[in-house]
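In my numbering, the protein residues as written are 17 to 148.
Cβ atoms here follow ideal geometry from the backbone N, Cα and C, with glycine treated the same way.
Quantities reported herein were computed from a predicted structural model and do not represent experimental measurements.
Data block below; observations after.
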């Protein structure tokens with residue numbers, strides 16, 4: 017049986033490998049204690065601080081405090097904060113914190129139509145086709 021923790025770890029690797037195909041390097045935090053799961057680098061410099069979320073449901077809730085902490089840590093690294101998320105059988109999606117939608121409570125809500133496919137986001141950002 018696949019546990020939620022192992023599913024989350026596999027998801028983090030899946031997201032990391034997407035960045036790798038675009039020429040980035042990455043470091044996984046290896047702990048669920050911080051606000052980020054992946055540090056994405058290019059030429060040894062931090063570019064993105066990524067929080068990865070995966071659910072088998074139709075929506076995902078991310079606490080406001082978690083997003084604020086991600087933004088704070090990203091500023092400390094001189095990197096851009098990103099939320100990479102997915103639902104059952106979806107490719108990785110990405111959303112920048114400034115584009116998140118509040119759920120009315122103390123969290124942001126993400127649904128299947130939210131975000132942008134990570135590969136498309138990277139292609140738009142890089143302006144070229146991916147490597148390998």
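> At what residues does the alpha helix (DSSP H) containing residue 15 begin and finish?
Replying inline: The structure shown has nothing for residue 15, since the chain only spans 17 to 148.
> So, is residue 88 buried or exposed, given that buried needs 16 or more other C-beta atoms within 10 angstroms?
Replying inline: exposed
>> Considering just the uninterrupted stretch of the alpha helix (DSSP H) at residue 91, what are its terminal residues?
In response: 80-93
>> Tell me which residue opens and which closes the alpha helix (DSSP H) that residue 138 is part of.
In response: 134-142
> According to the neighbour-count rule (16 or more other Cβ atoms, all chains shown, within 10 Å of its Cβ), is residue 108 buried or exposed?
Replying inline: buried
>> Once DSSP output is grouped into helix, strand and coil, what is the label at residue 113?
In response: helix
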